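See below for the structure under consideration.
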Amino acid sequence: MLSLTLLLAITIFPPEHVQARDIPNDEGGKIVVTWDRINAPELIGYRVLRQQRNSDKWDTLAFVGRLNNRYIDDAAVNRIEYRYQIIAVAESTQAVSQPSAYTCSLPQWFDTSTLPALLGTVILSLIFVFFFDRAKRDRNLFIRRIAGLDAVEEALGRATEMGRATLYVPGLSTMSDVATIASLNILGEVAKKTAQFGTPLIVPVADPIVYTVAREVVKEAYTTAGRPDAFHQDIVFFVTDQQFAFAAAVDGIMTREKPATNFLIGMFWAESLIIAETGAATGAIQIAGTDAVAQLPFFITACDYTLIGEELYAASAYISREPVLLGGIKAQDYSKALIVFMILVFSVLALSFNLPVLSWL
Amino acid sequence: MSSTHENIFLRLQRIDRRWIYLVLWLVIMVPLIFPFRIQPRASTPVAQLFNYIDTMPENKALVISVDFTPDTRAELQPMVIALLRHAFTIKRRVGILAMQVYGLGLAEEAIQQVTNEFNSRAQTHEDSVIYGEDFVFWGWTTPLLTVMLGMGERITRVFPVDYYGNPTESLPIMRDLKNYDDVGILVSIAASAMPRSWINFAQVQFGVNLSCGITAVSAADFYPYVNSGQFIGMLAGMKGAAEYEQLVEKRMKNKGMDWGLRNTGTEAMSSQTAAHLAIMVFIVVGNIAYFASRRRKK
Amino acid sequence: MKRRLPLLIVLITGIFGAVAFFVPYPAIRAADEIMRNDVQRIIAAFSLVLGVGSIVQHHMLKIQRRAQYYSYSYITIIALIITAIIGVFGGIDVTRPGILPTRFGSFSIHIQTLYSNMMVPLAATMFSLLAFFMASAAYRAFRARNLEATLLLLAAFIVMLGAVPFGRLIHHQLPAFAEWILAVPNTASKRGILFGVELGIFATSLKIILGIERGWLGGGK
Chain Z
1 MLSLTLLLAI TIFPPEHVQA RDIPNDEGGK IVVTWDRINA PELIGYRVLR QQRNSDKWDT
61 LAFVGRLNNR YIDDAAVNRI EYRYQIIAVA ESTQAVSQPS AYTCSLPQWF DTSTLPALLG
121 TVILSLIFVF FFDRAKRDRN LFIRRIAGLD AVEEALGRAT EMGRATLYVP GLSTMSDVAT
181 IASLNILGEV AKKTAQFGTP LIVPVADPIV YTVAREVVKE AYTTAGRPDA FHQDIVFFVT
241 DQQFAFAAAV DGIMTREKPA TNFLIGMFWA ESLIIAETGA ATGAIQIAGT DAVAQLPFFI
301 TACDYTLIGE ELYAASAYIS REPVLLGGIK AQDYSKALIV FMILVFSVLA LSFNLPVLSW
361 L
Chain D
1 MSSTHENIFL RLQRIDRRWI YLVLWLVIMV PLIFPFRIQP RASTPVAQLF NYIDTMPENK
61 ALVISVDFTP DTRAELQPMV IALLRHAFTI KRRVGILAMQ VYGLGLAEEA IQQVTNEFNS
121 RAQTHEDSVI YGEDFVFWGW TTPLLTVMLG MGERITRVFP VDYYGNPTES LPIMRDLKNY
181 DDVGILVSIA ASAMPRSWIN FAQVQFGVNL SCGITAVSAA DFYPYVNSGQ FIGMLAGMKG
241 AAEYEQLVEK RMKNKGMDWG LRNTGTEAMS SQTAAHLAIM VFIVVGNIAY FASRRRKK
Chain G
1 MKRRLPLLIV LITGIFGAVA FFVPYPAIRA ADEIMRNDVQ RIIAAFSLVL GVGSIVQHHM
61 LKIQRRAQYY SYSYITIIAL IITAIIGVFG GIDVTRPGIL PTRFGSFSIH IQTLYSNMMV
121 PLAATMFSLL AFFMASAAYR AFRARNLEAT LLLLAAFIVM LGAVPFGRLI HHQLPAFAEW
181 ILAVPNTASK RGILFGVELG IFATSLKIIL GIERGWLGGG K
């Protein structure tokens with residue numbers, strides 16, 4: 001038995017090809033150490049050791065399992081050179097590798113893996129800036145009709161005639177969602193009109209930060225419309241950030257207050273149909289808008305008008321008719337054409353020449 | 001006779017929606033009380049996730065982000081339970097967090113259930129699942145960006161204490177679960193767009209492997225990400241949960257763990273099948289009434 | 001100044017956020033982390049106070065004005081206060097009690113009791129309404145009015161059949177076909193919409209960073 005153990009002990013070889021290199025595209029402080037894995041059943045794992053240049057001391061960094069052949073030293077100090085040693089550890093023996101070459105970690109100023117994103121951002125930004133500028137000079141940019149937005153005035157007029165309120169739900173998401181920001185832009189325009197028409201406005205909100213911004217937006221809109229007196233603290237209010245409790249609250253408002261017009265614009269999830277169906281049952285005119293693609297069928301089914309995807313982002317420009325903002329819609333269209341063109345070209349290239357072009361992007 | 005038909009079709013077209021609610025309620029309730037056995041077979045996205053976790057390296061952990069709230073508990077909780085059972089069966093470490101404060105209770109409930117299942121049957125120390133060694137429940141913190149980006153740097157910084165108030169640095173599991181580098185896969189179970197946020201912040205910046213469990217109503221939103229490989233498989237709705245339960249049950253049986261555990265996702269399949277069929281019947285009836293009344297008009 | 005300052009903050013933080021994505025240098029990352037970790041947390045904490053303040057103010061106003069259905073406001077305020085007291089002082093559950101005596105014999109009202117017995121069933125009830133609304137909406141709206149609607153109807157039928165184990169009994173390839181509809185035609189159309197959405201997001205972000213879009217500030221120059 002003893003001789004067998006000794007025999008096994010002898011078969012443990014030290015790990016070979018121990019290499020250490022700085023991890024690229026990071027803030028530094030990290031060195032990756034790699035080695036050839038040993039295929040020995042009695043192996044338990046590897047001990048990773050580190051030595052600083054001009055020091056005699058080897059520090060144990062970690063013990064990793066036998067299936068590993070890679071360790072990231074995230075305790076390295078930038079610009080200090082280290083070398084590494086790997087010890088293969090078995091039950092009764094261990095084998096020490098040759099030390100790696102000295103290497104140091106360095107922080108980078110640019111993450112090269114984000115180059116395609118940077119190029120895309122620059123190109124798209126240039127297209128947008130060009131059209132913002134052009135829109136200032138050419139005030140007759142053609143923008144196709146968006147039925148849902150054309151209906152805003154009519155819907156608000158209906159609420160005024162019926163002497164009922166207008167309900168505006170800016171979605172359930174947070175301010176970090178651009179759909180919420182787009183919705184608040186539209187809320188500003190809608191609030192201006194309700195202020196002009198003297199229609200009561202109800203804005204229940206599902207996020208405390210959105211509540212703060214929405215309240216300011218409505219307050220400013222009432223001031224811009226020349227009706228600061230008509231604004232009161234109760235127009236915009238926070239309900240809850242819980243998805244279905246919020247849906248229940250909105251359903252309650254719909255059935256109790258019976259608003260003549262419901263705007264459901266922003267980010268919605270599974271509660272979309274619960275809110276929209278209740279609104280339809282109360283007989284309100286409903287204008288919905290979201291970029292949550294899965295919820296679009298529900299809105300299309302239960303609402304009178306639906307802003308689909310990008311129309312949500314075009315809405316504020318469309319309603320306000322601000323030329324510079326309209327230039328943004330034009331830029332969006334041209335950018336989309338560019339993307340379609342690139343997809344076609346790269347697809348043809350990839351298929352014709354069997355090139356791995358798509359992996360570049 | 002003709003006018004009677006006309007009346008029926010017209011009435012069918014304008015039927016009070018409460019009749020539809022009543023029929024659907026009956027269709028859902030009856031199979032819940034008198035279930036018929038349905039054994040779902042795993043679809044490709046479910047098998048993909050299962051196989052990935054099943055063959056994940058030993059030193060990598062499974063992280064489950066409980067991103068849903070009690071409303072979708074019936075549909076999504078079976079996924080959390082099945083994932084926990086799977087990880088504990090194949091002895092992979094698990095980290096659990098909640099991105100919604102209301103998810104804390106659900107995560108705790110799932111942990112209690114599954115740890116009880118394993119520990120009550122454990123014969124040895126090896127068989128049991130131990131808190132702080134085999135799994136950790138980090139709890140909840142806000143805001144979203146802090147968690148998703150912060151976990152890429154150091155998990156213990158984002159969660160200095162766990163759900164139970166223990167300093168996370170003191171837990172043995174955290175020694176080898178520092179950041180996303182130690183995570184084999186992170187599965188976000190959600191009824192919202194939270195899995196998309198995980199892609200935007202955790203995957204784009206740190207390259208962590210992701211998957212998701214999602215309500216059936218939102219599933220169509222996530223197929224593009226499964227196809228692009230950004231999600232490794234997906235569990236879609238109760239059916240996805242039931243399929244995963246079946247795969248886990250089979251895996252447990254292979255390991256000699258034929259415990260006859262309850263699979264709530266699979267149990268609900270009979271009711272869900274009946275409801276789907278009822279909705280299809282509604283659509284057919286609605287169309288017959290529509291065409292019949294249109295022909296009469298002509 | 002009231003308008004310029006927010007615009008300036010948005011310009012600086014917006015550009016910085018974009019730069020931090022491309023530049024991994026420690027100083028930039030550290031500043032970015034402070035913005036994400038500390039600043040956002042502080043804002044989130046304050047916003048919670050604002051949220052609670054808004055709820056209380058909204059319902060107190062209703063009660064004061066004796067608005068229609070104002071009695072419901074009493075329920076909201078009382079529920080809010082009781083939940084807060086139990087949550088802060090009543091402990092998590094039986095094993096982790098708080099300073100309040102929340103256990104009466106075998107009955108206890110800890111926050112977990114409220115959560116499991118009120119939150120969970122109430123929220124699940126709301127979500128389950130979806131099935132009923134979906135059935136009613138499908139009955140009213142899914143009509144084969146024209147070619148597009150008929151194609152949509154057929155696709156929906158196949159996907160629904162594929163989604164239930166019953167579909168396999170009709171044809172063993174039906175679930176795979178349903179999966180294909182979701183994964184290929186559905187994804188293709190979705191990607192088309194998503195391109196538009198992402199460009200819309202890009203445009204909105206750029207307009208806000210550059211101060212062109214001011215709707216979120218209430219509009220105006």
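Protein chains in written order, with full-length UniProt numbering: chain Z, 1 to 361; chain D, 1 to 298; chain G, 1 to 221. Ideal Cβ positions, reconstructed from N, Cα and C, are used throughout, including at glycine. This one's a predicted model, so the numbers in the text were calculated from it and none came from an experiment.
Can you give the Cα-Cα distance for residue i and residue j, rounded to whole angstroms?
| i | j | result |
| --- | --- | --- |
| Z:A117 | Z:F130 | 20 Å |
| Z:F13 | Z:A40 | 9 Å |
| G:L194 | G:L152 | 20 Å |
| Z:I209 | D:R92 | 39 Å |
| Z:E154 | D:V248 | 56 Å |
| Z:A225 | Z:Q196 | 6 Å |
| Z:L294 | Z:W269 | One detail in the question is off: residue 294 of chain Z reads as Ala in this sequence, not Leu. Spanning the two alpha carbons is a distance of roughly 8 Å. |
| D:S188 | Z:D138 | 48 Å |
| Z:K193 | G:P185 | 41 Å |
| D:H276 | G:L174 | 15 Å |
| G:P121 | D:D71 | 8 Å |
| Z:L156 | G:D93 | 50 Å |
| Z:E311 | Z:L149 | 9 Å |
| Z:V96 | Z:Q85 | 7 Å |
| G:Y70 | G:I77 | 11 Å |
| D:H86 | D:F68 | 20 Å |
| Z:I146 | D:Q113 | 52 Å |
| G:V10 | G:R36 | 15 Å |
| Z:V64 | Z:A90 | 12 Å |
| D:A242 | D:T264 | 8 Å |
| D:E153 | D:N59 | 18 Å |
| Z:S173 | Z:A206 | 7 Å |
| G:I209 | Z:S125 | 12 Å |
| G:L80 | G:V52 | 9 Å |
| Z:L4 | Z:E42 | Because Z:L4 carries a pLDDT of 48, less than 50, the predicted location of this residue cannot be relied on, and no value is offered for it. |
| D:Q225 | D:A42 | Checking the sequence, you will find Tyr at residue 225 of chain D rather than Gln. Rounded to the nearest angstrom, the two C-alpha atoms are 19 Å apart. |
| Z:L361 | D:W198 | Here the model assigns Z:L361 a pLDDT of 45, short of 50, so the residue's position is not dependable, and the following value carries that caveat. Each residue's alpha carbon lies about 21 Å from the other. |
| D:V204 | G:I158 | 35 Å |
Identify which residue in the options has its Cα closest to the Cα of residue i.
| i | options | result |
| --- | --- | --- |
| residue 299 of chain D | G:V23, G:P185 and G:G17 | The shown model of chain D, from 1 to 298, leaves out residue 299 of chain D, and the question about it has no answer. |
| Z:I300 | G:F166, G:P185, G:A138 and G:G192 | G:A138 |
| D:T142 | D:A98, D:G132, D:T273 and D:F291 | D:A98 |
| Z:D278 | Z:D251, Z:F298 and Z:V218 | It should be noted that the sequence gives Thr, not Asp, for residue 278 of chain Z. Taking only the C-alpha atoms, the option nearest Z:T278 is Z:D251. |
| residue 317 of chain D | D:R196, D:D67 and D:K250 | Outside the modelled stretch of chain D, which goes from 1 to 298, sits residue 317 of chain D, for which no answer is possible. |
| G:F202 | Z:F244, Z:I181 and Z:D22 | Z:I181 |
| G:F177 | G:A155, G:A135 and G:G196 | G:A155 |
| Z:A247 | Z:V169, Z:T282, Z:R321 and Z:F237 | Z:V169 |
| G:S128 | D:E245, D:V101, D:F88 and D:L24 | D:L24 |
| G:D38 | D:K239, D:E169, D:V158 and D:S293 | D:V158 |
State yes or no: is the C-beta of residue i within less than 8 Å of the C-beta of residue j?
| i | j | result |
| --- | --- | --- |
| residue 368 of chain Z | Z:E257 | Past the edges of chain Z, shown from 1 to 361, lies residue 368 of chain Z, and the structure says nothing about it. |
| Z:A62 | Z:P15 | no |
| Z:A276 | Z:R164 | no |
| Z:L325 | G:E213 | yes |
| Z:I274 | Z:I186 | no |
| D:M252 | D:W259 | yes |
| D:A107 | D:F137 | yes |
| D:A216 | D:M238 | yes |
| D:P40 | D:T266 | yes |
For this session: Please go through the stretch 178-243 of chain D and give each complete alpha helix (DSSP H) segment of 4 or more residues, from N-terminal end onward.
Result: 194-197, 216-219 and 223-227
Exercise. Which runs of the beta strand (DSSP E) spanning at least 3 residues fall entirely within the stretch 48-119 of chain G, listed in chain order?
Worked result: Under the rule that a run must span 3 or more residues, the beta strand (DSSP E) segments found entirely inside the stretch 48-119 of chain G read 91-93.
Exercise. Per the contact definition of three or more C-beta pairs closer than 8 Å, is the stretch 29-39 of chain D in contact with the stretch 5-23 of chain G?
Worked result: Per the Cβ contact rule, the stretch 5-23 of chain G is not in contact with the stretch 29-39 of chain D (fewer than 3 Cβ pairs under 8 Å).
For this session: Would you check if there are 3 or more beta carbon pairs closer than 8 Å linking the stretch 158-166 of chain D to the stretch 178-195 of chain D?
Result: no
Problem set entry | Whole runs of the alpha helix (DSSP H) within the stretch 298-359 of chain Z, excluding any shorter than 4 residues | 310-320 and 323-353
For this session: Could you tell me which uninterrupted alpha helix (DSSP H) segments, each at least 4 residues in length, are contained entirely in the stretch 93-155 of chain D, listed from first to last along the chain?
Result: 103-119 and 144-153
For this session: State whether the stretch 268-287 of chain D contacts the stretch 115-124 of chain D, with contact taken as three or more CB pairs (one from each stretch) at a distance under 8 Å.
Result: The count of Cβ pairs closer than 8 Å, one atom from the stretch 268-287 of chain D and one from the stretch 115-124 of chain D, stays below three, leaving the stretches out of contact.
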